[in-house]
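A short write-up of the structure that comes next.
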Amino acid sequence: MILTQILLRARLDRRPLYRRILTNRRLDILFTGTIRILIGLTLALTSVVFTEIGVYIAYVLPERKRAQKLIEQELVKADSAGFNLRK
130 MILTQILLRA
140 RLDRRPLYRR
150 ILTNRRLDIL
160 FTGTIRILIG
170 LTLALTSVVF
180 TEIGVYIAYV
190 LPERKRAQKL
200 IEQELVKADS
210 AGFNLRK
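The opening residue of the sequence shown carries number 130 in the numbering used here; numbering runs sequentially from there.
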């Protein structure tokens, strides 16, 4: 009986449920957290990209040039020895 009276009593707050749950303060907190996460992810991804570029320039590019130079030298040696792919 007491429970039904409590349930039937008029609410003082007429706002819909989603307005009562998502107050401006909670939305501000959610927005601030989202912005912080996006800024953090951007900084992290930027540092990863710069690191990858640095590794590529410092290690991968010179290694590729060295391999290309070796291949060119072998082709020159093979050409001077009379080796021909087309017969």
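We put the CB at the ideal spot given by N, CA and C, even for glycine.
Taking only the alpha-carbon atoms, compute the straight-line gap between residue i and residue j and give it to the nearest angstrom.
i, j, result
"Lys206", "Asn213", "11 Å"
"Ala210", "Ala196", "21 Å"
"Pro191", "Asp208", "25 Å"
"Val177", "Arg193", "22 Å"
"Ala173", "Ile186", "20 Å"
What are the boundary residues of the alpha helix (DSSP H) that residue i is part of?
i, result
"Thr213", "In the sequence under discussion, the amino acid at residue 213 is Asn, which differs from the Thr named in the question. No alpha helix (DSSP H) holds Asn213; DSSP gives it neither H nor E."
"Ile166", "153-184"
"Leu149", "For the record, residue 149 in the displayed sequence is Arg; it is not Leu. That run of the alpha helix (DSSP H) goes 146-150."
What did DSSP end up calling residue i once you bin it into helix, strand or coil?
i, result
"Ala139", "coil"
Do the CB positions of residue i and residue j come within less than 8 Å of each other?
i, j, result
"Arg149", "Asp157", "no"
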